[in-house]
Each structure stands twice: as C-alpha cells, then as structure tokens.
Amino acid sequence: MRHQLEMLATPSPVLRWEGDVWSGVFMALVVQMPQGGQRGGEQSTSDEADEEADQGAWQTQMSLQVAGLGSLDVMLRFAPKQLDITLSAENQEVLARLHTGEADLRSRLQACGFEAVGLHMVERQGKGDSV
1 MRHQLEMLAT
11 PSPVLRWEGD
21 VWSGVFMALV
31 VQMPQGGQRG
41 GEQSTSDEAD
51 EEADQGAWQT
61 QMSLQVAGLG
71 SLDVMLRFAP
81 KQLDITLSAE
91 NQEVLARLHT
101 GEADLRSRLQ
111 ACGFEAVGLH
121 MVERQGKGDS
131 V
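Everything in the sequence shown is counted per UniProt numbering, starting at 1 for the first residue and increasing by one.
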C-alpha cells in the first residue's frame, strides 16, 4: 500500500511490471503518466511549449524476450491524436517482418483516430540495456 501511495504522490508516476506473459515470452513494462501542473498566465517559448506538450503525453516502454526471435523493445509516446512508436530489435528477420507490416499498422492506427502516427523501426546493436 505504501508503494502505491508513493507512486501517486510523485510528480510523474511510473508503473513497472515484469513477468512471463506466455510460456517462453518474458515481458518488462513501464508506463509513465503525463506530468501534471499548468503554468498560469505565462507566455511560452517554443522550448517551453515542447516541454508542456511532453508533460501531457503518456510514455510506455515494453521489452519482450521471445525464444528463437530474441528481444523486441517498443517505446510508445502518445498524446491526444498523436502516437509515436519506436520498435527496436537485434534480429534482422524480426525487423524485416516489422517493415513488411508497417503500412498496415499505420493505417490501422490512423483508423483508431490518431491524426499523426510516427513509426520508427531500428536495429539494436548488441545486448544493450532494455526496460
């Protein structure tokens, strides 16, 4: 109970979970809620406007370890009507499959009401730190 109250008291609460989602599939998940707080009556510079936009965005990181395919990291950042996704994998075959379905994924996300969808697929070099 204490940890739950501490999470709610922080300016930008973070939820973390790790475990097996299926047999042979390990997942680590981090969800960061938008920061609260508004600036009253001040005019913003472009840097401040970007920072305020970031404060209203949810951020999620997920790392999947799949036997035979390796790891896949997913970073999501979403704000009203905007979604930015970065998918990274070490395995070239996984990246090729992701690229094959990129257009379909983008159109499905836009059909869900996202006006701006950013999809980035990158190759992760070596065994880096994940979530």
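Cβ coordinates follow ideal geometry from the N, Cα and C atoms, glycine included. As the structure is a prediction and not an experimental result, all values here were calculated from the model.
CA-to-CA distance, alanine 89 to leucine 95, given in whole angstroms: Taking the first residue of the sequence shown as position 1, residue 95 is located at position 95. Taking the first residue of the sequence shown as position 1, residue 89 is located at position 89. Rounded to the nearest angstrom, the gap between the Cα atoms of leucine 95 and alanine 89 is 6 Å.
DSSP-derived helix/strand/coil call for glutamine 61: As a position in the sequence shown, residue 61 is number 61, starting the count at 1. In this structure, glutamine 61 counts as strand in the three-state DSSP scheme.
Cα-Cα separation, valine 122 to valine 25: Working through the sequence shown from its first residue, we reach residue 122 at position 122. Working through the sequence shown from its first residue, we reach residue 25 at position 25. Separation of valine 122 and valine 25 (C-alpha to C-alpha, rounded to the nearest whole angstrom) is 21 Å.
Cβ pair isoleucine 85, leucine 98 closer than 8 Å: In the sequence shown, counting from the first residue as 1, residue 85 sits at position 85. In the sequence shown, counting from the first residue as 1, residue 98 sits at position 98. Not closer than 8 Å, so no.
Aspartate 73 classed as buried or exposed, judged by whether at least 16 other C-beta atoms fall within 10 angstroms: As a first step, residue 73 is located in the sequence shown; it is residue number 73 there, counting from the start. Classification of aspartate 73: buried, given that the 10 Å Cβ count is 16 or more.
Backbone secondary structure at aspartate 18 - three-state DSSP: In the sequence shown, residue 18 corresponds to position 18, counting from 1. Reading off the sequence shown, one finds glutamate at residue 18, where the question assumed aspartate. If DSSP states are grouped into helix, strand and coil, glutamate 18 belongs with the strands.
Under 8 Å between C-beta atoms of glutamate 18 and alanine 28: Looking up residue 18 in the sequence shown gives position 18. Looking up residue 28 in the sequence shown gives position 28. It is a contact, given that the beta carbons lie within the stated cut-off.
Secondary structure of glutamate 115, DSSP reduced to three states: One-based indexing of the sequence shown puts residue 115 at position 115. Here glutamate 115 sits in coil by DSSP.
CB of asparagine 91 within 8 Å of CB of leucine 69, strictly: For the purposes of this step, residue 91 is identified with residue 91 of the sequence shown, where counting begins at 1. For the purposes of this step, residue 69 is identified with residue 69 of the sequence shown, where counting begins at 1. A Cβ-Cβ contact shorter than 8 Å links asparagine 91 with leucine 69.
CA nearest to the CA of arginine 16, picked from Met62, Ala111 and Gly56: Locating residue 16 in the sequence shown gives position 16, counting from the first residue. Nearest option by C-alpha distance: Met62.
Rounded straight-line distance, which links the Cα of leucine 64 to that of proline 80: In the sequence shown, residue 80 corresponds to position 80, counting from 1. In the sequence shown, residue 64 corresponds to position 64, counting from 1. Taking the straight line joining both Cα atoms gives about 26 Å.
Contained alpha helix (DSSP H) runs [length at least 4] in the segment 75–123, N- to C-terminal order: The segment 75–123 contains these whole alpha helix (DSSP H) runs: 92–100 and 102–111.
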